[in-house]
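With the first letter of the sequence shown counted as 1, position 126 gets the number 126 in the UniProt record's numbering; the numbers rise by one all the way through. Glycine is no exception: its CB is placed at the ideal position from the N, C-alpha and C atoms. Everything below concerns the one structure shown next.
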Amino acid sequence: MRILVVDDDAQIVRAMRINLRARGYDVETAGDGASALRIAAKQPPDVVLLDLGLPDMEGGDVIEGLRGWTSVPIIVLSARHSASEKVRSLDQGADDYVTKPFGMDELLARIRAAQRRSVHVEEAPVVNTPTFTVDLGAKRVTRDGREVRLTPTEWHILEILARNAGRLVSQRQLLHDVWGPAYQSETNYLRVYLAQLRRKLEKDPAHPRHLITEAGMGYRFEKDG
């Protein structure tokens, strides 16, 4: 099982890596929020252990970024003890909240509990449309029986939209998840990349059926457009 540890404290990360690997877990680490979101998108973990005080963004932003496309269990590990912090993190989508310092036995028990609660069902592994097919597990797109070559950024955008098929994904959420919080106003990025995706995937890019723009709000993926 893969665990992603997100914390900028090198000593804590080292201790967690040693202890978790000793118990058979595969451990990935990230020292900031943007790295955590990139790692999770590239190879989704089974559990995320997340500190709230990161150098580039709040842990809550990471929770919201992950929740835009995955139900992976998220356990917050934080020195913040206030009830309001715990409530905010849980409302944003965290599954559990452990205050620092904590014992490794307690943390392992929380991880096991999160695993038991998690529904291990592949989230829409293949999304079919009349024009093309998105295989989320294999990270590939086919059209007319041939693979469509996408850039990493094009794939990241398409993956988020496909995992939220039928639902509006806001411009702000897409920019945050793909490029990071510093780019949340760069809507021109999305216009360029959506145009590229439509040229590659839509039968009539000028009148898209599957990659729909909701003016001023965001984008929506329609399987049966």
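{"Query": "Between the CA atoms of Tyr219 and Glu106 - distance to the nearest angstrom", "Result": "42 Å"}
{"Query": "Identity of the residue in Arg112, Gly137, Glu147, Arg191 nearest Met1 by Cα", "Result": "Arg112"}
{"Query": "Reference Lys42, options Asp91, His156, Gly33, closest by Cα", "Result": "His156"}
{"Query": "Whole-Å CB distance - Arg198 paired with Pro208, under 8 Å assumed", "Result": "5 Å"}
{"Query": "Contacting residues, own chain, Cβ-Cβ under 8 Å from Leu194 (five flanking each side not counted)", "Result": "Ile157, Leu211, Thr213, Tyr219"}
{"Query": "Of the listed residues Ser78, Leu175, Pro181, Gln196, nearest to Thr187 (C-alpha basis)", "Result": "Leu175"}
{"Query": "Asn188 - DSSP class collapsed to helix/strand/coil", "Result": "helix"}
{"Query": "Alpha-carbon to alpha-carbon, Thr142 and Gly185", "Result": "Before going on, a small fix: residue 185 reads as Ser here, not Gly. Their backbone Cα atoms lie some 32 Å apart in a straight line."}
{"Query": "Validate contact between the segment 22–35 and the segment 153–172 using beta carbons, cut 8 Å, 3 pairs", "Result": "no"}
{"Query": "Which of helix, strand or coil DSSP assigns to Tyr183", "Result": "helix"}
{"Query": "Check whether Val47 and Ala114 have beta carbons under 7 Å apart", "Result": "yes"}
{"Query": "Closest residue to Val62 among Ala79, Val6, Val192 (Cα-Cα distance)", "Result": "Val6"}
{"Query": "Host beta strand (DSSP E) of Glu214 (start-end)", "Result": "211–214"}
{"Query": "Straight-line Cα distance separating Glu202 from Leu37", "Result": "28 Å"}
{"Query": "Backbone CA spacing between Phe221 and Ala162 [nearest angstrom]", "Result": "6 Å"}
{"Query": "Boundaries (first-last residue) of the beta strand (DSSP E) holding Ser170", "Result": "168–170"}
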